[in-house]
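The number in the working numbering is simply the position in the first sequence, starting from 1, with 581 added. For every residue, glycine included, the Cβ atom is placed at its ideal position computed from N, Cα and C. A quick note: this is a predicted structure, and the numbers were derived from the prediction, not measured. Below is one structure, written out as structure tokens, with a few remarks after it.
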Amino acid sequence: MSVSPIVVWFRSDLRLASNRALSAAVATGAPLILTYILDDETPAAWKRGAASRWWLDKSLAALSASLETRGATLIFRRGVTGEELPRLVTQSKASAVYFTRCYEPHAVALEDQLKAVFDSAGVVFKRFGGNLLREPEDVRTKTGDVYKVYTPFWKALSADFTPPKPLPPPKAITAFKSALESDNLAAWRLHPSKPDWSGGFGEHWKPGEDGAHEKLQTFLEAAMRSYADDRNRPDRPGTSRLSPHLHFGEISPAQCWIAAQHAAASMPGADKGCETFLKEIVWREFSYTLLYYWPDLPEQPFRRDFAAFPWKSEPAHLAAWQKGMTGYPVVDAGMRELWHTGYMHNRVRMIVASFLIKHLLIPWQAGEAWFWDTLVDADLASNAASWQWVAGSGADAAPYFRIFNPVTQGEKFDPDGTYVRRWVPELTALPNDVIHAPWTAGALTLAAAGVTLGKTYPHPLVDHAAARARALSAYDAVKMASKK
DNA sequence: TGAAATGTTGGGGCG
DNA sequence: ACGCCCCAACATTTC
């Protein structure tokens, strides 16, 4: 007798190890149909951005290749998931669909819709966790409320948390024999063209499960011990750079958690760095919780009184920010790093975000949209929660009046100008004491460095002190609105 | 996971 | 020796 097949539906869990849905499906002994569905229609908003599609292309290729070595094929389908997945089940006469749950509003709605369809058709629709350390439903206050402040969230989550046992990647997979049509991944044209600005991405990243574990190992060996301080230093390789791998589920947060604790146990002096790293993973977790319970987080200020904020619409300023031409070196370095690598150091993300919001008074949603399109780690939850954090409108956000001085921040976290010189080469020859504020340099210094302000490098787009004062008075509108 | 303004203290120059 | 001022260094508060 033939056992009916099971569909394993890959989404944001593009890994073989510690993938509960996959391992559970393998354990049944049934033949498996492994699929990824590219759906550009169902998420009406927040369709995957260009940098993210670049990554997806490479990550799917890696997943497909490692499935091939285990005797299985990844079936590529494109269309409306709510139609395409049932179609695949019908074509293969599958009895079940196994998948890892997601938390974005459109993903939640899709799961609900498919569950209704499959329930009525008698098809098992089996959901697994694993993209988060703990499910949002499981981390609550004593009174059952959702945490809206990070520190108690961290305490509650980490207090009695035992990460699930890691699962090895399945050694072999029993593939469904009958032919099923599959698209050609290359024909999806996820790689940007006209123009292909992703040229430099490849030298910085290795998408896929192997690349994820390499990044993790490098971090544990070389950076975790000094992570607490060095993570703020864009001039040093002090961060893990795991964010895109985590976003696509090439590695799970639990795998990172276990590996970090294991490494710290045999590494004197690494406890602090380890805990700081775990806390960053939990910030991701906190963001997912906020998005899950406040699905309009990407569009609306969490604190509704921020609706009264007098934002400006200045397309020329937004364009200067996007191009890295604001005249503030650390801001421009960050924006150019983003464009060239699909990534930006986290400290610099805070600086450029603060600059867009507070110095230019441009709505945080405009920055969020730009990051969404240009970051390889673009993640709806982290992106929305972090922009709102900087704007001051979020849950447990930075106070609005915390306005970064881009010069001070540069001098503090890039003291030798190494980061600025890397991404803003026209300033390379400036001495360290003016590299973060070229307009303060004397005429001779500028001439000797080959810098002509307004020509080879912009004048500051706005004056810091004036912009700061303007931002503080704009904030008064929010305070006024929240009083009445 | 700030910055700037304001307040306080204490050493040194100087009449 | 003393008072006075200046100001750096640090602490506090305010935005």
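| query | result |
| --- | --- |
| C-beta contact flag for residue 600 and residue 748 at 8 Å | yes |
| At least three beta-carbon pairs within less than 8 Å, the region 705-721 to the region 904-918 | no |
| Local Cβ density within 10 Å of residue 854, reported as buried at 16 or more and exposed below that | buried |
| C-alpha distance - residue 757 paired with residue 604, whole-angstrom precision | 16 Å |
| Residue 648 (DSSP reduced to helix, strand or coil) | helix |
| CA nearest to the CA of residue 585, picked from 610, 596, 894 | 610 |
| Neighbourhood of residue 696 by C-beta, 6 Å cutoff - its chain only, sequence neighbours within 5 removed | 706 |
| Where residue 1037 sits in the DSSP three-state scheme | coil |
| Cβ neighbours of residue 919 in the same chain (closer than 6 Å, five flanking residues each side left out) | 925, 955 |
| Sequence-distant residues of its chain with Cβ nearer than 6 Å to residue 940 (five each side left out) | 1043, 1048 |
| Beta-carbon spacing of residue 761, residue 587 below 8 Å | no |
| Residue 1129 versus residue 979 - alpha carbon distance | In the structure displayed, the chain extends from 582 to 1065; residue 1129 sits before or after that span and is not available. |
| Pairwise C-alpha distance: residue 922 and residue 672 | 41 Å |
| Buried versus exposed call for residue 825 [16 or more other C-beta atoms within 10 Å across all chains shown] | buried |
| Beta-carbon proximity of residue 1013 to residue 998, cut-off 8 Å | yes |
| Among 884, 916, 744, 935, the one whose alpha carbon lies nearest that of residue 729 | 884 |
| Alpha-carbon spacing of residue 844 relative to residue 909, whole angstroms | 39 Å |
| Reduced DSSP secondary structure (H/G/I, E/B, other) of residue 707 | strand |
| Identity of the residue in 832, 624, 990 nearest residue 935 by Cα | 990 |
| Cβ-Cβ distance between residue 662 and residue 693 below 8 Å | no |
| Minimum C-alpha distance to residue 687 - residue among 1057, 1054, 1010, 873 | 873 |
| Simplified DSSP assignment, three categories, for residue 1075 | Because the chain here runs from 582 to 1065, residue 1075 falls outside it and cannot be looked at. |
| Residue range of the alpha helix (DSSP H) that includes residue 1027 | 1024-1029 |
| Close Cβ partners of residue 582 (< 7 Å) along its chain, the five nearest in sequence each way excluded | In this predicted model, residue 582 has a pLDDT of only 47, less than 50, meaning its place in the structure is not dependable; the value taken from the coordinates is given anyway. Here the set comprises nothing. |
| Beta carbon of residue 658 nearer than 8 Å to that of residue 616 | yes |
| Secondary structure, alpha helix (DSSP H): runs of 4+ residues fully inside the region 740-823 | 790-803, 808-811 |
| Residue range of the unbroken beta strand (DSSP E) whose run includes residue 695 | Unbroken run through residue 695 is the alpha helix (DSSP H), 686-702; no beta strand (DSSP E). |
| Contact under 8 Å by Cβ, residue 878 with residue 966 | yes |
| Close beta carbons around residue 1055, own chain, < 7 Å, minus the five adjacent residues each side | 890, 891, 942 |
| Beta-carbon gap between residue 832 and residue 794 smaller than 8 Å | yes |
| Contact check, residue 1033 vs residue 1025, beta carbons under 8 Å | no |
| Residues bridged to residue 532 (per DSSP) | A query on residue 532 cannot be resolved here, the shown segment of the chain reaching from 582 to 1065 and no further. |
| Through-space distance from residue 984 to residue 539, alpha-carbon basis | One cannot answer for residue 539 here, as it falls past the ends of the chain, which runs 582 to 1065. |
| Integer-rounded CB distance, given that residue 815 should sit under 8 Å from residue 591 | Not really, about 34 Å apart at Cβ, beyond 8 Å. |
| For residue 677, the first and last residue of its enclosing alpha helix (DSSP H) | Per DSSP, residue 677 belongs to no alpha helix (DSSP H); it is in the beta strand (DSSP E), 677-681. |
| Best match in 986, 1064, 630, 1006 for proximity to residue 1046 [C-alpha to C-alpha] | 986 |
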